[in-house]
Every structure is written in C-alpha cells, then in structure tokens.
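Per the numbering used here, residue 26 is the first one in the sequence shown, and the count goes up by one each step.
Beta carbons: idealized from backbone N, C-alpha and C, even for Gly.
Because the structure is a prediction, the values reported are computed rather than measured.
The structure under discussion appears below in the form of structure tokens.
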Amino acid sequence: MNAATVVLLGLMLIGSGIGFYRRKQLENPALRMFPYFLLFQFGYQLVASVYSFILTEHASNHFIFNLSLPINILYFGFLFHSLVQHRAKGNIVAIVTVLNLLFYFVNLFFIQGFTFFMTYSRTAMAVSLVLFSLLYFHGVITSDDGHKTNPVRNASFWIVTAVFFFYLSSTLTTIFWNYFVLNNTYFGSVMMRIFAFVLYTMYIVGILLHKPADDP
Numbered sequence: 026m027n028a029a030t031v032v033l034l035g036l037m038l039i040g041s042g043i044g045f046y047r048r049k050q051l052e053n054p055a056l057r058m059f060p061y062f063l064l065f066q067f068g069y070q071l072v073a074s075v076y077s078f079i080l081t082e083h084a085s086n087h088f089i090f091n092l093s094l095p096i097n098i099l100y101f102g103f104l105f106h107s108l109v110q111h112r113a114k115g116n117i118v119a120i121v122t123v124l125n126l127l128f129y130f131v132n133l134f135f136i137q138g139f140t141f142f143m144t145y146s147r148t149a150m151a152v153s154l155v156l157f158s159l160l161y162f163h164g165v166i167t168s169d170d171g172h173k174t175n176p177v178r179n180a181s182f183w184i185v186t187a188v189f190f191f192y193l194s195s196t197l198t199t200i201f202w203n204y205f206v207l208n209n210t211y212f213g214s215v216m217m218r219i220f221a222f223v224l225y226t227m228y229i230v231g232i233l234l235h236k237p238a239d240d241p
C-alpha cells in the first residue's frame, strides 16, 4: 500500500466525517446519504488495498471493485434523480440507471465475467454520469432559481462538477490506456490517482462550503 493510496483513503474518510458532521445542513435526501456512500467507498477500497498489498503479493483485486459497481450505479442514479429539476430528465436518469444495472449482469454472466475488471460496465456507468451531469448543469443554467443561488455555496454543484470531471477524465484515460502504457508505464496510473485526488478534494470543499437555502 503506497502513500498515494493512503492519502486517497484518508480523503474519503475525512469527507465522510465532515459529511456526517454537516449532515443536517444537507437538505436533499440523497446528499444526506452521501457520507454513508463515501464510507462505503472507503471500505471497499481499503479492503481491495489490504487484499492486494498485505494479504497477498499483489494479487488482483478486480473482483472487489466489480462487487461494488452495482452500489455505485444505484447511488449515483438516486443522487442525480433527486438533483435534476425536470421530470423528463429524472425519467432519463431512472431509465439509464436501470439499463446500466441490467447491462452489469449481462456483462457479468455472458461477456467479461467476474474475474477481470468489468471495464464495459464501468465505462457505461461513467458515460451515463457524464450525461447526468450535463442534464444537471443544463437545469441549473436554465432555472430561474439558479440565478439566485451561489453555486460555490452549494454542495450539489461541487459534487456533480467533481463527478463530471473525474468520470470524463478517467474514461478518456482508460480508452487511451494502452497508448499510455506503451509510452510510459506509470503515466496512466499516476493520472488516475490525480483525478481521484481532485474528486475527493472537491467533495470535501463542497460539503464545507455548503450553505442551506434557508440561511440568510
């Protein structure tokens, strides 16, 4: 377990702790579940790291990430469904989330299987989250209330922006992974850790800066 992994695990734990401390200020039900979601991410990534670096000699931990994928799909679907401000957009989020779950099980039993990292399902989720983020941003821009709310003081805006950046950047990195490995063995993995660092840092900043709508 290297220093970068420890730092990322620490950020997840800090974000979860701050989220629990400020949970009453998070009005949205999905946002109130966010600290639990961060704790879940901390848990399975800690287990994956311990399995690969302590219990075994760098054995593959892909099955742990494969197990966690449906929970990630469900939570993000719930989060974006509660954040988008138009019924049609909410229906899109719900339908795509169900399709992602169905594809996960098709991929599990008939395509990639459980042993290797399920890149198809992960990429499908990532593309969906980028789409959901764009739906959210469109709603913020076109909403009359959007001009009255400072996005810097809105945890939802920070979280969605972080998700958009991370999944767009990491998916592009995954697509070009073979090129990165061919030219520099460590470049791709370093970039993924940088993206993750930005992701969890933005989560923390968003929760810290969040101001409830009814505050003067």
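Q: Please state if the CB of Thr198 and the CB of Met227 are separated by a distance shorter than 7 Å.
A: Here residue 227 refers to the residue found at position 202 of the sequence shown. Here residue 198 refers to the residue found at position 173 of the sequence shown. For Met227 and Thr198, no; Cβs fall outside 7 Å.
Q | Spatial distance of Phe45 from Phe142 (CA atoms) | A | In the sequence shown, residue 45 corresponds to position 20, counting from 1. In the sequence shown, residue 142 corresponds to position 117, counting from 1. So the alpha carbons of these two residues sit roughly 31 Å apart.
Q: Keeping to the same chain, check which residues put their C-beta closer than 6 Å to that of Phe220; ignore five residues upstream and five downstream.
A: Start at 1 with the first residue of the sequence shown, and residue 220 comes out as number 195. Around Phe220: Phe191, Ser194, Ser195.
(Q) Once DSSP output is grouped into helix, strand and coil, what is the label at Asn125? (A) Residue mapping note: residue 125 aligns to position 100 of the sequence shown, counting from 1. In this structure, DSSP gives Asn125 a helical state, which the three-state scheme calls helix.
Q | Exposure label - His235; buried when at least 16 CB within 10 Å | A | Your numbering for residue 235 matches position 210 in the sequence shown. It counts as buried.
Q.
For Lys49 and Leu63, I'd like the C-alpha separation in whole angstroms.
A. In the sequence shown, the residue the question calls residue 49 occupies position 24. In the sequence shown, the residue the question calls residue 63 occupies position 38. Just so you know, the alpha carbons of Lys49 and Leu63 end up roughly 17 Å apart.
Q | Burial state of Ser247 (16 or more Cβ within 10 Å) | A | Coverage of the chain is limited to positions 26 through 241, which leaves residue 247 absent and any answer about it impossible.
Q | Contact the stretch 119-130 vs the stretch 168-188: 3+ CB pairs below 8 Å | A | no
Q | Whole-Å CB distance - Ile117 paired with Leu160, under 8 Å assumed | A | By one-based count along the sequence shown, residue 117 stands at place 92. By one-based count along the sequence shown, residue 160 stands at place 135. With 8 Å as the limit, Ile117 and Leu160 qualify as a contact, their Cβ atoms being about 7 Å apart.
Q | As assigned by DSSP and simplified to three states, the class of His235 | A | In the sequence shown, the residue the question calls residue 235 occupies position 210. Note: His235 maps to coil in three-state DSSP.
(Q) Checking 7 Å against the spacing of the C-beta atoms, do Met255 and Phe67 come in under that value? (A) Here the chain comprises residues numbered 26 to 241, so residue 255 is not present and cannot be evaluated.
Q) Between Ile43 and Leu224, what straight-line distance do the alpha-carbon atoms span, to the nearest angstrom? A) Stepping through the sequence shown from its first residue, residue 43 is reached at position 18. Stepping through the sequence shown from its first residue, residue 224 is reached at position 199. Those two C-alpha atoms are separated by around 15 Å.
Q: Report yes if the C-beta of Asn91 is less than 6 Å from at least one heavy atom of the ligand MG; otherwise report no.
A: Summarising the ligand content, the structure contains no ligands, and the ligand MG is consequently not present.
Q. In chain order, what residues of the same chain lie with their CB nearer than 8 Å to the CB of Ala119, ignoring the 5 residues before and after it?
A. In the sequence shown, residue 119 corresponds to position 94, counting from 1. Setting aside the 5 residues that flank it on each side, Ala119 is surrounded in the same chain by Gly102, His106, each with a C-beta closer than 8 Å to its C-beta; the list follows chain order.
Q.
How far does the alpha helix (DSSP H) with Phe65 in it extend, from its first residue to its last?
A. Translated into the one-based positions of the sequence shown, residue 65 becomes position 40. Counting along the chain, the alpha helix (DSSP H) containing Phe65 begins and ends at 59-75.
Q | Inter-residue spacing [alpha-carbon to alpha-carbon] between Gly65 and Gly35 | A | Working through the sequence shown from its first residue, we reach residue 65 at position 40. Working through the sequence shown from its first residue, we reach residue 35 at position 10. Note that residue 65 is Phe in the sequence shown, not Gly. About 13 Å.
Q: Round the Cβ separation of Val185 and Ser158 to the nearest angstrom and send it over; I've been treating them as touching at under 8 Å.
A: Locating residue 185 in the sequence shown gives position 160, counting from the first residue. Locating residue 158 in the sequence shown gives position 133, counting from the first residue. Contact holds; Cβ gap of about 5 Å.
Q) Since Ala84 is in the alpha helix (DSSP H), which residue starts that stretch and which ends it? A) Mapped onto the sequence shown, residue 84 falls at position 59. First-last for Ala84: undefined, no H or E at that position.
**Q.** Length of the line joining the Cα atoms of Ser153 and Val123
**A.** As a first step, residue 153 is located in the sequence shown; it is residue number 128 there, counting from the start. As a first step, residue 123 is located in the sequence shown; it is residue number 98 there, counting from the start. Going by the C-alpha atoms only, they are around 11 Å apart.
Q: Output yes or no for whether 7 Å exceeds the beta carbon distance between Gly115 and Val109.
A: Taking the first residue of the sequence shown as position 1, residue 115 is located at position 90. Taking the first residue of the sequence shown as position 1, residue 109 is located at position 84. Contact flag set, yes.
(Q) For Leu92, count the other beta carbons within 10 Å of its own beta carbon; 16 or more makes it buried, fewer makes it exposed. Which is it? (A) Here the question's residue 92 lines up with position 67 in the sequence shown. The residue in question, Leu92, is exposed, as its Cβ has fewer than 16 Cβ neighbours within 10 Å.
Q: List in chain order: all unbroken alpha helix (DSSP H) runs of 4+ residues lying wholly within the stretch 130-176.
A: 144-167
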